[in-house]
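According to UniProt numbering, the sequence shown holds residues 1 to 288 in order. Every residue gets a Cβ at the ideal spot worked out from N, C-alpha and C, and that includes glycine. None of the values given here were measured: they were computed from a predicted structure. Reading through the structure tokens given below for one structure.
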Amino acid sequence: MTKPSIAPIPPGRRQTLHFLRFAAAASPVYLDTEVDATALLAHRAVARRYSVVAYVMHALGQVLPRYPEANAAFAGSLRPRAATHASVDVKLTLDKEVDGTRAVLSVVLPDVDGCTIDHLQNAVDRLRDTPIEQIHELDGVRKLQKLPVPVGRLAFRLATGPRGRRLRMGTVALTSLGHQPVRRFFSYGGTTLTVGLGRITPTPVAVDGAVTVRPLLPLSVTFDHRMIDGALAAEVMGELKKTLEAADVPRSVRPRDTGPARTDGPPAGRGRDDHRVGERGTVEPHAV
């Protein structure tokens, strides 16, 4: 029998190990539903072809300001604390290759509650199409990958304290496997709420006593029970479902001025229609 080849974990996955140590302290609970995507697909057919991820980020920006507890973060053990946030910052996952190693990285898109869907789609397009070495938001994770594991573990812990966590983890996490034949999955992204998306699939459903076929989007919500309870999480999920099914998405509303997102570019919501993250690049991936 051939002996296995044993080698160190590639640097491209070190941040995953640091994140999982952090995530082990959470108390995740899982909910799921299905979104009738009929109106969403109709909106996309007559407008710019927005990604489902952009629609969901836009919906999160509408829903979460009404539920500040679900947009907050838990911290501490002997002295439990809650960090509340004035904005909705989405941690979006990216499937990238790091020095030959497949890895899921993440970038924080700040202030999505003040952005048009065009801003969000521009960000999705840029992050999807830009080579990983040119995505400035990933500078932090590249530095983390170069550190020895014990030093990187300490750096991760210091960088994700309650005051600075939203800059690197966001206030809500969003991940999608809709590009694969995945119905639903449940993941924890380090935030009070993590939203997961599967593939939109034509599905027989009962409508007004008759069977018809509708495009259904599987949507999962993982919530941290340390911060909120199931009733609140279910209500947020229900409002998110309702918002997505309405697909009432204006494309011409000017977003509010969210302030400078980086020091060498225009403030978010001004100038070109581009959502820049600036100093809010994350130092950890989302473990799917």
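Asked: Nearest neighbour of residue 142, chosen from 206, 15, 227 [CA to CA]; Found: 15
Asked: Nearest-angstrom Cα separation, counted from residue 121 out to residue 48; Found: 9 Å
Asked: For residue 28 and residue 224, believed in contact at Cβ under 8 Å, the rounded distance; Found: 6 Å
Asked: Touch test, the region 194-214 against the region 100-109, Cβ-Cβ under 8 Å, three pairs minimum; Found: no
Asked: Three-state class that DSSP yields for residue 223 in the structure shown; Found: strand
Asked: Closest residue to residue 139 among 228, 168, 158 (Cα-Cα distance); Found: 168
Asked: Inter-stretch contact at 8 Å, needing at least 3 Cβ pairs: the region 89-98 / the region 53-66; Found: yes
Asked: Residue 35 - DSSP class collapsed to helix/strand/coil; Found: strand
Asked: Residue 248 versus residue 74 - alpha carbon distance; Found: 32 Å
Asked: Distance CB(residue 218)-CB(residue 184) smaller than 7 Å; Found: yes
Asked: Continuous beta strand (DSSP E) stretch holding residue 102: start and end; Found: 101-109
Asked: Residue 171 vs residue 187 beta-carbon contact at 7 Å; Found: no
Asked: Residue 214 in three-state terms, based on DSSP; Found: strand
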